[in-house]
Amino acid sequence: MAAKTQAPGQRCKGWGQGLLAILLLWQGAALAQQQQAVNNEEGKELLACLQRPQAPPDYPEFDKKALRDGTLRVRLSFTAADKAPAVQLLFRAGSERIVESVERHVAAYRLPCLPAGQRVDVVQEFNFAARGGDAVHWSAPRHVPSTPHKDWHACIRTPARQLRVWEDSLTGTRFKPREFGNVVVQMRFDSPTAPPQVKVVYAKADDRVRNAVLDHVAEYRMPCLPDGAEPQVSEQLFKFRSHTADDPVYTFKDMDLTSFLARMTDLERRPVRFDLDSMGCPFKLMWTLGRPALPNRVGEIGEPNLNRLELTTWLSELTMGMPPTLFDQMLGQSLVVTVPCGKVELG
3 MAAKTQAPGQ RCKGWGQGLL AILLLWQGAA LAQQQQAVNN EEGKELLACL QRPQAPPDYP
63 EFDKKALRDG TLRVRLSFTA ADKAPAVQLL FRAGSERIVE SVERHVAAYR LPCLPAGQRV
123 DVVQEFNFAA RGGDAVHWSA PRHVPSTPHK DWHACIRTPA RQLRVWEDSL TGTRFKPREF
183 GNVVVQMRFD SPTAPPQVKV VYAKADDRVR NAVLDHVAEY RMPCLPDGAE PQVSEQLFKF
243 RSHTADDPVY TFKDMDLTSF LARMTDLERR PVRFDLDSMG CPFKLMWTLG RPALPNRVGE
303 IGEPNLNRLE LTTWLSELTM GMPPTLFDQM LGQSLVVTVP CGKVELG
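In our numbering, the protein residues as written are 3 to 349.
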């Protein structure tokens with residue numbers, strides 16, 4: 003049987019005798035934008051050199067005595083290693099004094115490792131609470147994923163023949179065929195004619211299957227990539243199921259945020275506070291299972307909103323409780339999470 007492309011949540015049917023059916027799911031990477039906005043992975047790495055004050059922003063005395071709380075969410079754009087970022091106010095619930103305090107605070111930020119001609123955008127949230135505990139809480143700056151202005155990945159060319167891995171070739175070896183398995187590869191294209199640089203990101207499969215995947219993707223090309231353009235990175239998940247597998251194939255059901263969080267482990271490992279009312283609620287997110295093998299992927303359904311970045315980053319770091327054998331089946335599957343209005347407070 004030839005390889006098939008499976009939409010997340012579909013059941014795999016009709017495997018031919020004697021082969022492992024390979025399923026493909028694409029996960030594209032971002033491209034540099036106009037002012038050379040760095041790609042997502044590089045942006046996260048550059049943030050490791052961020053210099054900022056250790057102390058929180060000052061809580062204006064007038065607001066503190068009047069028990070006036072405040073929440074600000076800002077977008078910071080770094081365009082030079084020795085300059086303060088440009089500040090864009092994304093969400094404001096507080097006085098002008100609180101706004102000015104945050105602006106003074108972020109004016110001291112610097113990104114000394116930022117290469118000339120590059121840009122890094124981040125989102126950060128500041129919460130001022132006049133009652134109890136620490137007066138000011140602030141989130142870690144989160145890199146804003148860049149948006150491709152051209153989908154180079156749409157022109158990737160794959161081998162004309164379809165990928166086949168016969169189980170018969172595994173018998174009689176020291177490798178025991180797995181009933182369910184996954185191979186995730188990362189491909190870096192830096193030329194329209196050369197093969198990609200390939201790295202195995204995750205593999206839970208027999209070596210015969212892993213090597214067949216590597217041989218297959220070595221023939222990929224990106225002919226529309228101009229010479230000298232920024233290298234493009236893409237990931238591909240190869241899923242397979244043996245024809246001898248007896249277990250049913252499980253799929254996710256869509257759920258609301260409360261039901262979704264109830265299925266996660268270690269929710270209390272770090273405190274979080276989310277004001278969903280400030281995020282354009284209600285809204286829906288697409289969550290794709292990756293952890294503990296890979297990061298989860300979280301996307302917005304409908305109009306994107308940077309006010310949700312801290313929430314979606316947190317959801318990408320959660321681990322859903324399930325046995326390892328079930329995880330092998332579910333890796334790469336997605337579900338829709340409905341997010342209501344209100345607040346989330348944990349820890």
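Ideal Cβ placement from N, Cα and C applies to all residues, glycine included. Note that this is a predicted model, so its numbers are computed, not measured.
Exercise. Where do the ends of the alpha helix (DSSP H) carrying residue 98 lie?
Worked result: 98 to 108
Exercise. Given that a residue counts as buried once 16 or more other Cβ atoms are within 10 Å of its Cβ, and exposed if not, what is residue 332?
Worked result: buried
For this session: On a CA-only basis, which of 307, 308 and 322 is nearest residue 297? Give me that one, please.
Result: 322
Exercise. Does the distance from the CB of residue 122 to the CB of residue 49 come in under 9 Å?
Worked result: yes
For this session: Would you mind reading off the limits of the alpha helix (DSSP H) that contains residue 216?
Result: 209 to 219
Exercise. What are the start and end residues of the alpha helix (DSSP H) that includes residue 1?
Worked result: Any answer about residue 1 is impossible in this case: the structure gives the chain only from 3 up to 349.
For this session: With residue 264 as the anchor, note down where its alpha helix (DSSP H) starts and where it stops.
Result: 259 to 264
For this session: Could you name the residues that DSSP lists as bridge partners for residue 124?
Result: 78 and 145
For this session: Name the two residues that bound the continuous alpha helix (DSSP H) containing residue 64.
Result: 63 to 67
For this session: Pull up the distance between the alpha-carbon of residue 71 and that of residue 221, whole angstroms please.
Result: 58 Å
Problem set entry | Per-residue DSSP class, three states only, for residue 88 | strand
Exercise. Buried or exposed: where does residue 158 fall if 16 or more other Cβ atoms within 10 Å of its Cβ makes it buried?
Worked result: buried
For this session: Give the straight-line distance between the Cα atoms of residue 192 and residue 216, rounded to the nearest whole angstrom.
Result: 18 Å
Problem set entry | Option nearest residue 318 by Cα separation, candidates 302, 84, 60 and 327 | 302
For this session: With a 10 Å radius around its C-beta and 16 neighbouring C-beta atoms as the bar for buried, classify residue 213 as buried or exposed.
Result: exposed
Exercise. Quick one: does the C-beta of residue 121 sit closer than 8 Å to a heavy atom of the ligand NAP?
Worked result: With respect to the ligand NAP, the structure offers nothing, as it holds no ligand at all.
For this session: Tell me whether residue 144 is buried or exposed, calling it buried when 16 or more other Cβ atoms sit within 10 Å of its Cβ.
Result: buried
Problem set entry | Distance between residue 287 and residue 108 (C-alpha atoms, nearest Å) | 30 Å
Exercise. What first and last residue would you give for the beta strand (DSSP E) that runs through residue 336?
Worked result: 336 to 341
Problem set entry | Identity of the residue in 67, 45 and 86 nearest residue 54 by Cα | 86
Exercise. To which residues does DSSP link residue 112 through a beta bridge?
Worked result: 53
Problem set entry | Which listed residue (336, 238 and 154) has its alpha carbon closest to that of residue 262 | 336
For this session: Starting from the C-beta of residue 349, find all residues in its chain whose C-beta is less than 7 Å away, skip the five residues before and the five after it, and write them out in chain order.
Result: 270, 272, 273 and 274
For this session: Sort 294, 289 and 282 by Cα distance to residue 305 and report the nearest one.
Result: 282
For this session: Given a cut-off of 9 Å, decide if residue 163 and residue 194 are closer than it, judged by their beta-carbon atoms.
Result: no
For this session: Name the two residues that bound the continuous alpha helix (DSSP H) containing residue 319.
Result: Run containing residue 319: none; DSSP gives neither H nor E here.
For this session: Could you tell me which uninterrupted alpha helix (DSSP H) segments, each at least 4 residues in length, are contained entirely in the region 267 to 291, listed from first to last along the chain?
Result: none
Problem set entry | Own chain residues within Cβ distance below 7 Å of residue 265, not counting five before or after | 322 and 323
Problem set entry | Span separating the alpha-carbon of residue 329 from that of residue 320 | 14 Å
Problem set entry | Contacting residues, own chain, Cβ-Cβ under 7 Å from residue 289 (five flanking each side not counted) | 298, 300, 317, 336, 337 and 339
For this session: Going by DSSP, name the residue or residues bridged to residue 95.
Result: 73
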